[in-house]
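In the working numbering, the protein residues as written are 6 to 327.
What follows is a set of notes on a single structure, which appears directly below.
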Amino acid sequence: MRRNSTLDAMLDTAEANGLCLWSRTEVQRQILRRRATIGELTAVGAQCYARTSYWQALSAEDRLRHLTRSLTLMHPKWVFGGSTAATLLNICDSTRHMRKLHRVIDGNRVPRSTGIIVNHYIEETAPIIIDGARVTPLDRTAFDCARWLGFPDAIAIIDSILRQRLRTKSQLDRSFRLTNGKYRNRALHVLNWATGRTDNGGESFSYGVILEERFMQPQLQVVMPCHNEYGNHDRVDFLWKTPDGRIIVAELDGRIKYRDASMYVNGSLSETVIAEKEREERIRMEVDGFVRFSFAEAYRRTPLIRKLEWAGVPRTTDFRSP
Numbered sequence: 006m007r008r009n010s011t012l013d014a015m016l017d018t019a020e021a022n023g024l025c026l027w028s029r030t031e032v033q034r035q036i037l038r039r040r041a042t043i044g045e046l047t048a049v050g051a052q053c054y055a056r057t058s059y060w061q062a063l064s065a066e067d068r069l070r071h072l073t074r075s076l077t078l079m080h081p082k083w084v085f086g087g088s089t090a091a092t093l094l095n096i097c098d099s100t101r102h103m104r105k106l107h108r109v110i111d112g113n114r115v116p117r118s119t120g121i122i123v124n125h126y127i128e129e130t131a132p133i134i135i136d137g138a139r140v141t142p143l144d145r146t147a148f149d150c151a152r153w154l155g156f157p158d159a160i161a162i163i164d165s166i167l168r169q170r171l172r173t174k175s176q177l178d179r180s181f182r183l184t185n186g187k188y189r190n191r192a193l194h195v196l197n198w199a200t201g202r203t204d205n206g207g208e209s210f211s212y213g214v215i216l217e218e219r220f221m222q223p224q225l226q227v228v229m230p231c232h233n234e235y236g237n238h239d240r241v242d243f244l245w246k247t248p249d250g251r252i253i254v255a256e257l258d259g260r261i262k263y264r265d266a267s268m269y270v271n272g273s274l275s276e277t278v279i280a281e282k283e284r285e286e287r288i289r290m291e292v293d294g295f296v297r298f299s300f301a302e303a304y305r306r307t308p309l310i311r312k313l314e315w316a317g318v319p320r321t322t323d324f325r326s327p
């Protein structure tokens, strides 16, 4: 197919501005569809297109930002909320929640969700502009995520807010109690268990799974008595002191430190692996049980449950769902 200089110029401009391309006439719509049919363009959803090579090179978060900016220009009254707003507000980094765009609507009749757009009704909330998109403010976003998402995902977002010190727990509690919306008790339940003491979203999600599966609540990011080669105390992700006096530790395997060269010890992968093994050995000498698990195991639940049961982490009846 012959090159279309006008289309190429439009795509260049869209990419320079972090946008997708959409049709404004029937002729443009047909051209975009033809280019998508041969693979030159990718239909990315919501009537938006992008060069296939350009789109494939973008991260999930950048794709979401391109789409929300574009749809804000296409539909100036649209407001994004839930996990979409959370991503734009930098309180959610889960790529699982970047596959759909959550739009909030003030009104009793909510349009049917289609394609990648999921519609929700909320009472009127003054939006803010983030990175070219209209989104619900932080407190409203936190409230909606805490009541719409599953417990582990919800607690990861609330933990992120607390960890970044964007709000205190008491401020969120006050805000949640003053905000109208179905399932408020679910949001308050999530907030009750959030601590902000986790290091990242993966740890928060795992913490949520541990609680939801009725295991004893662990201590988070605990400083151990053992020291590394620099004289610093080792820390562990999760620690239990059981009623019978045992100490059990669980570590989320942060595999990025083996893939990102900038995190290597002395710039060496082999030294990084050795340092981690030595750290684990030091910790094992201080505890009665040690569990290492991956995020995939926490997400699938059963592998993590089996490991915690094997290590002897007690179950509890203290965790209550609303």
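Just so you know, even glycine gets a beta-carbon here, dropped at the ideal spot from N, CA and C.
Asked                                                                                                                        : Found
Simplified DSSP state of Ala255, which is helix, strand or coil                                                              : strand
His107: first and last residue of the uninterrupted beta strand (DSSP E) it sits in                                          : 106-110
Residue closest to Asp67, alpha-carbon to alpha-carbon, out of Met79, Arg38, Val84, Arg104                                   : Arg104
Beta-ladder partner(s) of Thr247, from DSSP                                                                                  : Beta-bridge pairing links Thr247 to no other residue.
Any chain B beta carbon closer than 8 Å to Arg305                                                                            : No chain B is part of this structure, which consists of one protein chain only.
Tyr126 (DSSP reduced to helix, strand or coil)                                                                               : strand
Nearest-angstrom Cβ-Cβ length linking Val214 and Ala316, presumed shorter than 8 Å                                           : Incorrect: roughly 15 Å between the Cβ atoms, too far for contact.
Cβ contact (3+ pairs, closer than 8 Å) linking the region 32-49 and the region 91-101                                        : no
Beta-carbon contacts of Pro248 that lie in its chain and below 8 Å, excluding the five residues immediately before and after : Pro319
Nearest-angstrom Cα separation, counted from Arg311 out to Arg251                                                            : 18 Å
Phe300 versus Arg179: straight-line alpha-carbon distance, rounded                                                           : 32 Å
Inter-residue CB distance, His125 and Gly86 (contact presumed, cutoff 8 Å)                                                   : 6 Å
Selected residue, minimal CA-CA separation from Cys231, among Thr322, His194, Glu291                                         : Glu291
Val254, buried or exposed, once every other Cβ within 10 Å from all chains shown has been counted against 16                 : buried
Segments assigned alpha helix (DSSP H), at least 4 residues, entirely inside the region 51-110                               : 57-61, 65-79, 87-93
Cα-Cα separation between His238 and Met229, rounded to whole angstroms                                                       : 6 Å
Alpha-carbon spacing of Ala14 relative to Thr89, whole angstroms                                                             : 30 Å
Cys231 (DSSP reduced to helix, strand or coil)                                                                               : strand
Contacting residues, own chain, Cβ-Cβ under 7 Å from Arg287 (five flanking each side not counted)                            : Cys231, Asp239
DSSP beta-bridge partners of Lys224                                                                                          : According to the sequence shown, residue 224 is Gln rather than Lys. DSSP lists Leu244 as partners of Gln224.
Nearest-angstrom Cα separation, counted from Thr119 out to Val195                                                            : 29 Å
Whether Glu217 touches Asp242 by CB criterion (8 Å)                                                                          : no
For Gly294, the first and last residue of its enclosing alpha helix (DSSP H)                                                 : Where Gly294 is concerned, there is no enclosing alpha helix (DSSP H), although the beta strand (DSSP E) it sits in stretches over 294-298.
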